[in-house]
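Engineer: Chains as they are written, first to last, in our numbering: chain R, 51 to 375; chain G, 92 to 171; chain V, 2 to 478. So that we are looking at the same thing, I have put the structure below in structure tokens.
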Amino acid sequence: MRVLQRISLKLIVLLGVLFLMNWAYSEWQYPEDLEKYTPMHSELESAQLADKIYLGDCSDVYCGSACDSDTSVSAFLKILMNDQKIAALSANGYQPSSYLTLIKALDSKVGEDKTIILTLNHRAFADHILLDWYYKPIIEQQLSLVQTRIPLLNRAMLTFYDPSSKRESLTLAKTEQWKNTSIEINGKTKTIAMLMEKAAGDSVATSYLEDFAFVMGEAQREQLALFNDIIHEVKSRGWKMVIHYVPINLDGLSHEKHSWLKDHALEQRQILLQHFKAMDVQVLDHSTLLSQDDFLGIKSNSHYTANGKRKLALGLSTALKVPVE
Amino acid sequence: MSESEILLELQPIFQSVLSNPSLVVSTETTAHDVDDWDSLNHATLIAKIQRHFKVKFSLFEVLKLKKVGDIIQLIQSSQA
Amino acid sequence: MNPAGPYFIGFLLAVVLAYYLVPNRFRNHVISMASVGLLAWIDLWFAGAFLVVTLMNFSAAIWIDSKHQLKQRHQALLLSLLGNIALLVAIKHSNIFHRIGDLFSNWLGSPNPIPALNWILPLGFSYYMFQALGYQFEVYRKSHPAEKSLINFIAFLGFFPKIFAGPLERSTGFLPALKTPRVLEYDNFSHGFRLILWGVFKFIVISNWIGSIIETSYIPDSETSGLYMMLSMVLYTLQVYTEFSGYTDIALGSGRLFGFQLTQNFRQPFLAKSLSDFWRRWHISLSTWVMDYIYTPLSLWISLRISPRKWGIMASIFISFLLLGIWHGSSWNFVIFGMIQGSILAIEIISLRSRKKHLSNPLGRIAGHISTMAIFVVSAQFFKTNNYHETLNWFRKALDFSNSNSSLTFEYNQWPTYHLIAILIFFVFDQFVVRNNIEKWLDKRNAVLRWLFYSLLIYAIIAGTESSVQPLIYQGF
Chain R
51 MRVLQRISLK LIVLLGVLFL MNWAYSEWQY PEDLEKYTPM HSELESAQLA
101 DKIYLGDCSD VYCGSACDSD TSVSAFLKIL MNDQKIAALS ANGYQPSSYL
151 TLIKALDSKV GEDKTIILTL NHRAFADHIL LDWYYKPIIE QQLSLVQTRI
201 PLLNRAMLTF YDPSSKRESL TLAKTEQWKN TSIEINGKTK TIAMLMEKAA
251 GDSVATSYLE DFAFVMGEAQ REQLALFNDI IHEVKSRGWK MVIHYVPINL
301 DGLSHEKHSW LKDHALEQRQ ILLQHFKAMD VQVLDHSTLL SQDDFLGIKS
351 NSHYTANGKR KLALGLSTAL KVPVE
Chain G
92 MSESEILLEL QPIFQSVLSN PSLVVSTETT AHDVDDWDSL NHATLIAKIQ
142 RHFKVKFSLF EVLKLKKVGD IIQLIQSSQA
Chain V
2 MNPAGPYFIG FLLAVVLAYY LVPNRFRNHV ISMASVGLLA WIDLWFAGAF
52 LVVTLMNFSA AIWIDSKHQL KQRHQALLLS LLGNIALLVA IKHSNIFHRI
102 GDLFSNWLGS PNPIPALNWI LPLGFSYYMF QALGYQFEVY RKSHPAEKSL
152 INFIAFLGFF PKIFAGPLER STGFLPALKT PRVLEYDNFS HGFRLILWGV
202 FKFIVISNWI GSIIETSYIP DSETSGLYMM LSMVLYTLQV YTEFSGYTDI
252 ALGSGRLFGF QLTQNFRQPF LAKSLSDFWR RWHISLSTWV MDYIYTPLSL
302 WISLRISPRK WGIMASIFIS FLLLGIWHGS SWNFVIFGMI QGSILAIEII
352 SLRSRKKHLS NPLGRIAGHI STMAIFVVSA QFFKTNNYHE TLNWFRKALD
402 FSNSNSSLTF EYNQWPTYHL IAILIFFVFD QFVVRNNIEK WLDKRNAVLR
452 WLFYSLLIYA IIAGTESSVQ PLIYQGF
């Protein structure tokens with residue numbers, strides 16, 4: 051018994067030490083660490099004061115090869131709605147898990163009137179993107195410092211985050227899971243592996259298969275559950291929610307190597323639209339808005355030209371009910 | 092031979108191999124207690140002891156030796 | 002799994018809790034189940050390989066012990082050793098034949114007919130395999146009878162705190178400890194946690210800080226000056242030490258929580274005056290294992306048969322340390338490492354008398370320290386990669402003084418400078434003050450100082466580095 055008493059006493063002292071340590075860390079080192087390890091923290095600070103927050107991924111900000119303007123959709127939106135405070139929390143590689151962490155990192159005040167514009171990217175349901183081993187671990191580690199309300203705990207999560215093992219497990223899972231997925235095509239069952247074999251050598255055909263040949267399986271339902279969590283979180287704060295369904299390159303889906311893919315993708319699209327309708331949220335459906343000319347490059351992507359981004363921003367500003375200049 | 096007789100005859104062997112004319116070993120002396128009693132000298136000691144007492148030790152027996160007293164016991168059992 | 006990470010520590014605490022909740026007679030069961038369970042959780046293959054080695058050695062020892070005639074025991078031991086060595090070669094060195102085939106095929110200009118086997122080395126394999134071999138030897142020479150309880154034997158071979166990177170425990174010490182009842186003692190907890198904390202600090206903080214200073218030097222074609230490369234090499238050696246000794250402290254501390262005193266693996270290695278002295282201070286459990294089970298029998302056997310005896314001794318030490326090198330891995334780098342150690346140790350044995358004269362004066366001692374460290378720094382570079390061409394490139398870089406205008410300089414107000422100063426302070430503190438015995442040092446301090454020390458370490462661990470993650474250098478063996 052005496053041993054247990056001594057151990058308990060030491061544990062209490064330890065808790066006290068950790069409490070003081072957390073205070074010291076928050077005062078002196080936390081702001082510096084945020085600058086160093088969490089590149090999105092300044093955007094979070096802007097979002098705190100904004101009326102509307104755009105949560106986006108590469109569909110918002112991508113400007114790689116063939117890009118004709120580095121103004122993002124959210125930046126165009128800010129120009130169109132310049133009497134409103136609009137903030138963007140967007141980066142290449144963001145997924146629903148990232149958006150959820152970002153929203154939870156925002157403080158909410160009673161009676162606040164905020165609108166969250168959440169990107170719904172059809173490609174984010176593809177198995178290989180769900181199991182993204184490149185961006186996901188990096189973003190997760192960057193968001194460690196805003197995960198909870200205890201700065202020292204967040205710092206511990208940053209220190210002990212292991213991106214390499216995450217990468218390894220995600221890569222393994224990716225390889226095994228998605229190539230075995232079965233799809234019904236004209237009454238025949240094929241696996242993704244078989245379809246990829248048929249399209250081998252044709253990188254364009256392959257890219258569309260990789261991105262759109264998924265069916266709403268368990269992994270996709272988990273991704274949808276994250277959207278549900280986001281909607282729930284936003285509603286519980288009394289904020290408004292708009293789902294922005296970004297464009298799908300339907301022209302690209304009609305490739306001769308897989309003519310069935312367009313119908314298949316539109317079927318999955320219907321499932322998604324019905325899901326969000328049932329969740330009672332406003333959906334701004336731009337998924338069929340743009341043509342091939344508004345996309346950058348011919349392989350499957352959700353990267354738009356300046357013209358394409360402007361069209362999206364216009365559609366958004368109309369839907370958000372602000373007069374267009 | 093008795094323990095004390097063997098111990099007496101071991102002294103000059105140790106003194107010569109370990110180059111220490113004033114060295115005196117007892118039954119409890121181990122390699123750790125004596126400077127220069129390293130593996131090279133240990134092998135030389137064993138060879139000279141075998142030659143002097145006209146006995147032959149097996150590797151198994153040699154590996155079990157921990158102190159001078161063990162060497163004496165081994166010599167006694169080999170002579171028996 | 003990172004032995005300094007929260008998952009391992011969490012697992013450890015859960016097992017310790019279960020351990021003290023059950024009656025004494027079931028405590029070894031808890032250890033065995035936890036150890037096999039951990040291996041299986043990481044990879045079923047690891048658990049499978051461990052159980053094969055365990056069952057094989059468990060039965061073999063009982064078989065050896067059943068033989069009463071020396072010759073029969075001899076034969077039984079030989080068979081058991083052959084079985085173990087065959088397994089060791091098959092699993093760990095399966096590519097040694099492929100590599101030998103490569104040498105011939107390069108020379109002959111024809112394809113290598115021996116296929117490469119890409120077996121993943123089971124975690125802790127080299128460690129528990131050597132422990133099993135030592136156990137067979139001790140049963141053979143009747144140091145103790147063969148263990149009849151499979152649970153105890155699993156606990157001895159696979160005790161999970163030491164599965165990652167040792168220490169190598171002897172059956173003569175650990176098996177009796179497993180049979181002694183253990184009670185919940187405050188000292189065990191206190192000392193155990195101190196060791197773990199200190200180990201985690203070395204492993205995560207110091208090792209990481211060193212890594213951030215030296216990583217660019219080792220990138221091929223990097224613009225590193227010769228001087229910086231040399232500094233990086235020295236720091237790398239220190240990194241191997243902090244990681245390995247840090248891990249060992251975690252293992253020792255974890256062992257204390259269960260009431261065991263595991264073998265200390267380090268004793269101020271940077272104070273060594275010769276390479277022989279160094280190996281009495283570095284990875285002590287492995288070097289003493291090699292000395293007791295390979296070098297001593299081999300040297301006695303050879304030197305009693307060939308003359309002059311010194312050649313036998315030299316050959317024995319060379320072979321023993323070559324094997325020690327190969328124990329780490331069968332790539333040429335480890336072979337070279339072993340050869341360097343073996344050659345220099347052989348020379349040291351022969352020159353002991355003359356060196357003693359020099360070591361008795363201060364200048365001689367300093368020269369001894371510096372030369373020993375230089376040898377170890379050079380040979381440690383062979384640990385950094387499997388490719389000896391890369392290692393040789395690093396040496397070329399280190400000796401290239403033409404690139405003195407490298408942009409990699411230390412600025413007084415930059416973090417690498419602060420880290421370097423902290424590393425030097427740590428090194429002096431660790432080797433000269435703590436002397437690889439943190440428990441003893443902390444015992445002599447008052448409670449306030451102790452808690453200040455703990456707080457500093459905990460803060461540094463949580464908030465002092467970017468990431469705790471880096472591959473454990475000694476875990477791959």
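Glycine included, every Cβ here is placed at the ideal spot set by N, Cα and C. Keep in mind that this is a model prediction, so the values were computed, not measured.
From tyrosine 141 of chain V to arginine 356 of chain V, what distance separates their C-alpha atoms?
Structural biologist: Residue mapping note: residue 141 of chain V aligns to position 140 of the third sequence, counting from 1. Residue mapping note: residue 356 of chain V aligns to position 355 of the third sequence, counting from 1. Answer to the nearest angstrom: the Cα atoms are 38 Å apart.
Engineer: Whether or not the stretch 183-196 of chain R and the stretch 80-92 of chain R are in contact is what I'm after, with contact meaning three or more pairs of Cβ atoms, one per stretch, closer than 8 Å; do they touch?
Structural biologist: With a cut-off of 8 Å, the stretch 183-196 of chain R and the stretch 80-92 of chain R count as touching, because enough Cβ pairs lie within range.
Engineer: Roughly how many angstroms separate the alpha carbons of aspartate 313 of chain R and isoleucine 129 of chain R, rounded to a whole number?
Structural biologist: Indexing the first sequence from 1 puts residue 313 of chain R at position 263. Indexing the first sequence from 1 puts residue 129 of chain R at position 79. Between the alpha carbons of aspartate 313 of chain R and isoleucine 129 of chain R lies a distance of about 36 Å.
Engineer: I need the DSSP call for leucine 400 of chain V, collapsed to helix, strand or coil.
Structural biologist: The sequence position of residue 400 of chain V within the third sequence is 399, counting from 1. Coil at leucine 400 of chain V, not helix or strand.
Engineer: In chain G, which residues lie less than 9 Å from leucine 305 of chain V when you measure between Cβ atoms?
Structural biologist: On the third sequence, residue 305 of chain V is found 304 positions in, with the first residue counted as 1. Within chain G, the residues near leucine 305 of chain V are Ala134, Ile137, Ala138, Gln141, Phe148, Leu150 and Val153.
Engineer: Check serine 408 of chain V in the structure and name its three-state DSSP category.
Structural biologist: In the third sequence, residue 408 of chain V corresponds to position 407, counting from 1. Caution applies to serine 408 of chain V, whose pLDDT of 46 falls short of 50 and renders its modelled position unreliable; the value that the coordinates give is listed next. In the structure shown, serine 408 of chain V sits in coil (DSSP, three-state: anything other than H, G, I, E or B).
Engineer: Report all residues from its chain with a CB closer than 6 Å to the CB of serine 232 of chain R; omit the five preceding and five following residues, and keep chain order.
Structural biologist: Within the first sequence, numbered from 1, the residue matching residue 232 of chain R stands at position 182. Taken in chain order, the residues that qualify are Thr239 and Thr241.
Engineer: Determine the contact status of glutamine 342 of chain V and leucine 276 of chain V, defining contact as a CB-CB distance below 8 Å.
Structural biologist: Counting from one through the third sequence, the residue named residue 342 of chain V turns up at place 341. Counting from one through the third sequence, the residue named residue 276 of chain V turns up at place 275. Going by beta carbons, glutamine 342 of chain V and leucine 276 of chain V fall inside the 8 Å limit.
Engineer: Which one or two residues does DSSP pair with isoleucine 233 of chain R in a beta bridge?
Structural biologist: The residue you call residue 233 of chain R lines up with position 183 of the first sequence. DSSP output for isoleucine 233 of chain R lists R:Lys240 as bridge partner(s).
Engineer: List the DSSP bridge partners of leucine 105 of chain R.
Structural biologist: Locating residue 105 of chain R in the first sequence gives position 55, where the first residue counts as 1. Answer is R:Leu139 and R:Leu168.
Engineer: How long is the line joining the alpha carbons of serine 233 of chain V and leucine 170 of chain R, rounded to whole angstroms?
Structural biologist: For the purposes of this step, residue 233 of chain V is taken as the residue at position 232 of the third sequence. For the purposes of this step, residue 170 of chain R is taken as the residue at position 120 of the first sequence. For serine 233 of chain V and leucine 170 of chain R, the distance between alpha carbons rounds to 49 Å.
Engineer: Measure from the alpha carbon of arginine 56 of chain R to the alpha carbon of each residue in V:Leu360, V:Asp188 and V:Tyr460, then state which is nearest.
Structural biologist: Position 6 of the first sequence, counting from 1, holds the residue named residue 56 of chain R. Checking every option, the nearest Cα to that of arginine 56 of chain R belongs to V:Asp188.
Engineer: Contact between the stretch 159-166 of chain G and the stretch 109-120 of chain G is defined here as three or more beta-carbon pairs at a separation below 8 Å; is this criterion met?
Structural biologist: yes
Engineer: Take isoleucine 188 of chain R and list the residues in its own chain whose beta-carbon comes closer than 7 Å to its own, dropping the five residues that flank it on each side.
Structural biologist: For the purposes of this step, residue 188 of chain R is identified with residue 138 of the first sequence, where counting begins at 1. Excluding residues within five positions, the ones whose Cβ falls inside 7 Å are Pro213.
Engineer: Under 6 Å Cβ to Cβ from phenylalanine 175 of chain V, same chain only, skipping five residues before and after it: list those, please.
Structural biologist: In the third sequence, counting from the first residue as 1, residue 175 of chain V sits at position 174. Answer for phenylalanine 175 of chain V: Phe157, listed in chain order.
Engineer: For leucine 334 of chain R, name the three-state secondary structure that DSSP assigns.
Structural biologist: The residue you call residue 334 of chain R lines up with position 284 of the first sequence. Leucine 334 of chain R carries a strand assignment under DSSP once its states are collapsed to helix, strand and coil.
Engineer: Return the CA-CA distance between glycine 330 of chain V and leucine 83 of chain V, expressed in angstroms with no decimal places.
Structural biologist: Locating residue 330 of chain V in the third sequence gives position 329, where the first residue counts as 1. Locating residue 83 of chain V in the third sequence gives position 82, where the first residue counts as 1. Roughly 19 Å between the two C-alpha positions.
Engineer: Any C-beta of chain V within less than 8 Å: which residues of the stretch 315-337 of chain R qualify?
Structural biologist: none
Engineer: Candidates V:Phe202, V:Asn153, V:Ser213 and V:Leu196: which alpha carbon is nearest leucine 179 of chain V's?
Structural biologist: Residue 179 of chain V sits at position 178 when you count from the first residue of the third sequence. Of the candidates V:Phe202, V:Asn153, V:Ser213 and V:Leu196, the residue whose Cα lies closest to the Cα of leucine 179 of chain V is V:Asn153.
Engineer: Measuring alpha carbon to alpha carbon, tell me which residue in V:Leu198, V:Pro123, V:Ser372 and V:Leu185 is nearest valine 235 of chain V.
Structural biologist: Taking the third sequence and counting its residues from 1, the one referred to as residue 235 of chain V is at position 234. Answer by Cα proximity: V:Ser372.
Engineer: Starting from glutamine 79 of chain R, find everything on chain V with Cβ-Cβ shorter than 8 Å and list it in chain order.
Structural biologist: On the first sequence, position 29 is the one that residue 79 of chain R refers to. Ala464, listed in chain order.
Engineer: Could you confirm whether any beta carbon from chain G is found closer than 8 Å to the beta carbon of arginine 451 of chain V?
Structural biologist: Walking along the third sequence from the start, residue 451 of chain V turns up at place 450. Judged by the 8 Å Cβ criterion, arginine 451 of chain V is not in contact with chain G.
Engineer: Here's a check: name, in chain order, each residue in its chain whose Cβ is nearer than 6 Å to the Cβ of alanine 347 of chain V, leaving out the five neighbours to either side.
Structural biologist: Within the third sequence, residue 347 of chain V is the residue found at index 346, counting from 1. For alanine 347 of chain V, where only same-chain residues beyond five positions count, the Cβ hits under 6 Å are Met315, Ile318 and Phe319.
Engineer: 8 Å is my cut-off, CB to CB: does methionine 71 of chain R come that close to chain V?
Structural biologist: Within the first sequence, numbered from 1, the residue matching residue 71 of chain R stands at position 21. It does; some Cβ of chain V falls within 8 Å.
Engineer: Any Cβ of chain V within less than 8 Å of the Cβ of serine 117 of chain G?
Structural biologist: Translated into positions along the second sequence, residue 117 of chain G becomes position 26. Not an interface residue.
Engineer: Buried or exposed: where does asparagine 480 of chain V fall if 16 or more other Cβ atoms within 10 Å of its Cβ makes it buried?
Structural biologist: The displayed coordinates of chain V run from 2 to 478. Any statement about residue 480 of chain V would go beyond what the structure contains.
Engineer: Report yes or no: is there a C-beta of chain V within less than 8 Å of the C-beta of serine 107 of chain G?
Structural biologist: On the second sequence, residue 107 of chain G is found 16 positions in, with the first residue counted as 1. No, no contact with chain V.
Engineer: Reducing DSSP to helix, strand and coil, say where valine 380 of chain R ends up.
Structural biologist: No statement about residue 380 of chain R is possible, as the shown extent of chain R runs from 51 to 375 and does not include it.
Engineer: Just how far apart, CA to CA, sit asparagine 414 of chain V and isoleucine 424 of chain V?
Structural biologist: Locating residue 414 of chain V in the third sequence gives position 413, where the first residue counts as 1. Locating residue 424 of chain V in the third sequence gives position 423, where the first residue counts as 1. Annotation note: pLDDT 46 at asparagine 414 of chain V (below 50); position unreliable, coordinate value reported separately. C-alpha separation (whole angstroms): 16 Å.
Engineer: Would leucine 196 of chain V pass as a contact of isoleucine 439 of chain V if the rule is Cβ separation under 8 Å?
Structural biologist: Reading the third sequence from its first residue, position 195 is the one you call residue 196 of chain V. Reading the third sequence from its first residue, position 438 is the one you call residue 439 of chain V. Going by C-beta atoms, leucine 196 of chain V is nearer than 8 Å to isoleucine 439 of chain V.
Engineer: Figure out for me which residue from G:Ala171, G:Gln167, G:Ile166 and G:Leu156 has the closest Cα to the Cα of histidine 123 of chain G.
Structural biologist: Position 32 of the second sequence, counted from the first residue, corresponds to residue 123 of chain G. Out of G:Ala171, G:Gln167, G:Ile166 and G:Leu156, G:Leu156 has the C-alpha closest to the C-alpha of histidine 123 of chain G.
Engineer: How long is the line joining the alpha carbons of threonine 386 of chain V and asparagine 394 of chain V, rounded to whole angstroms?
Structural biologist: Within the third sequence, residue 386 of chain V is the residue found at index 385, counting from 1. Within the third sequence, residue 394 of chain V is the residue found at index 393, counting from 1. In a straight line, the C-alpha of threonine 386 of chain V is about 12 Å away from that of asparagine 394 of chain V.
Engineer: On the criterion of 16 or more Cβ atoms from any shown chain inside 10 Å, does lysine 288 of chain V qualify as buried, or is it exposed?
Structural biologist: Walking along the third sequence from the start, residue 288 of chain V turns up at place 287. Reading off the sequence, residue 288 of chain V comes out as serine, not lysine. By the 10 Å Cβ count, serine 288 of chain V comes out buried.
Engineer: Can you tell me whether phenylalanine 154 of chain V is helix, strand or coil according to DSSP?
Structural biologist: The residue given as residue 154 of chain V occupies position 153 in the third sequence. Of the three classes helix, strand and coil, the one that applies to phenylalanine 154 of chain V here is helix, per DSSP.
Engineer: From what residue to what residue does the alpha helix (DSSP H) around tryptophan 442 of chain V run?
Structural biologist: Taking the third sequence and counting its residues from 1, one reaches residue 442 of chain V at position 441. Element bounds for tryptophan 442 of chain V: 439-444.
Engineer: Are at least three pairs of beta-carbons, each pair with one atom in the stretch 243-252 of chain R and one in the stretch 146-161 of chain R, less than 8 Å apart?
Structural biologist: no
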